[in-house]
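Below: one structure, written as structure tokens.
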Amino acid sequence: MTQRYADGKMLAEIDQGVGLITFNQPEKRNAMSVGMWQGLTEILDDFEANDAVRVVILTGAGHKAFVSGADISQFEQNRANANAQLEYDKLTSAGRARLALFSKPVIARIRGYCLGGGIGIAMQADLRIAAADSEYGIPAARLGIAYSFEMVRKLVSLVGPAHARTMLFTGARIDSAEAQRIGLVNQVVPDEDLTETVLRMARQIADNAPLSLTAAKLAVNEAVKSESERDAAAVHAAVAACFDSADYREGRTAFMEKRAPRFTGR
Ligand code: COA
């Protein structure tokens, strides 16, 4: 059953271990309003606590956009100068932090425009799978604003400084083939295969041991941080939790009995 958040501009549903989150403002190419950020936070809180969710897919409603960035129509009211931007940041940062700290694997399913803050959201997903006709760009310099340090850092970690500069300086859009070439997206598939490809991958992930997924996600996230920020102890603890888990017993028993394992996350 689909649950509605942010007056229906954010949608959530759970099916066979997969939590689907839809940015649902297609008439504005799924531009992110403040309310949608709050809705996203609520959905992620629910999905984090719900054992029925093993993996999450983020996607945009309709065929035209993943997310076309922040909702520019709210800028005059909410983001007109540096002070207002601080307030705006407070309103949206809970959602960003929730996404950054979300412990389960997240896949961004991208079709159509993925711009500005939309790339920011997609970059916070663990994997990005895109339809061939999608377009990506960071138009901040065309609007007279700047991408946050956190987002630039994420961009650089994915595409390297040279491609990051090109995207940030020109504000120009690139296509899926180029996005894959520079490392912004993991995989590009024909438009008609997108939903099925992402679902297949999500189900494959959902069948794996949840504690192993948590440890893997944490380890990759900590690995790309600078050494002074890195929490290696948390990674070691997450790895140790796997070795002490009932799922590890189930994994090796299932292997010996030549059957599929049934993991519980404990
Ligand atoms: N914020 C608010 N409204 C947006 C929006 C955004 N980020 N992106 C699109 N919209 C609105 C448009 O204003 C338009 O509204 P209208 O129908 O009332 O005129 C509607 O969505 C459709 O957009 P349109 O430009 O007509 O569609 P398009 O398919 O020709 O182009 C985009 C789509 C996404 C390329 C174009 O709308 C665009 O460049 N949007 C801004 C992207 C941006 O700068 N994002 C970064 C924000 S920080």
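According to our numbering, the sequence shown is numbered sequentially starting from 3.
Heads up, the beta-carbon is just placed ideally off N, CA and C, and yes, glycines get one too.
Looking only at C-alpha atoms, which of M12, P28, M34 sits nearest to G119? M34
With 16 as the cutoff for other CB atoms within 10 Å, does V108 come out buried or exposed? buried
Indicate, with yes or no, if the ligand COA has a heavy atom lying under 8 Å from the CB of S70. yes
Suppose you measure from the CA of R251 to the CA of F245; what does that come to, to the nearest Å? 9 Å
Count the other CB atoms, across all protein chains shown, that sit within 10 Å of the CB of H238; report buried if there are 16 or more and exposed otherwise. exposed
Own chain partners of G19 with C-beta closer than 6 Å, once the 5 adjacent residues on each side are dropped: R56, A208
Okay, do the stretch 130-139 and the stretch 92-103 touch, 3+ Cβ pairs below 8 Å being the bar? no
Work out the CA separation of E29 and A164 for me, nearest whole Å. 34 Å
Using the C-alpha atoms, what's the distance from A262 back to A243? 22 Å
Contact belief for A211 with F257 at Cβ below 8 Å, rounded distance in angstroms: A211 to F257, Cβ: 12 Å. No contact.
For I74, is the beta carbon positioned less than 8 Å from some heavy atom of the ligand COA? yes
Which same chain residues, not among the five before or five after N223, have their C-beta less than 7 Å away from its C-beta? none
So, at 6 Å on beta carbons, what are the nonlocal neighbours of T24 in its own chain, with the 5 sequence-adjacent residues on each side left out? L13, T61, A63
Can you tell me whether D106 is buried or exposed, with buried defined as 16 or more other CB within 10 angstroms of its CB? Per the sequence shown, residue 106 should be read as Lys rather than Asp. K106 should be labelled buried.
Beta-ladder partner(s) of Q5, from DSSP: A14
Which word fits M153, buried or exposed, when buried means at least 16 other C-beta atoms lie within 10 angstroms of its C-beta? buried
Roughly how many angstroms lie between the CA atoms of E180 and A148, to the nearest whole one? 23 Å
Span of the beta strand (DSSP E) holding L129? 129-133
T94 by DSSP, collapsed to three states: which one? helix
Under 8 Å from any heavy atom of the ligand COA, does the C-beta of R144 make it? yes
Give the range of the alpha helix (DSSP H) segment to which G162 is assigned. 151-172
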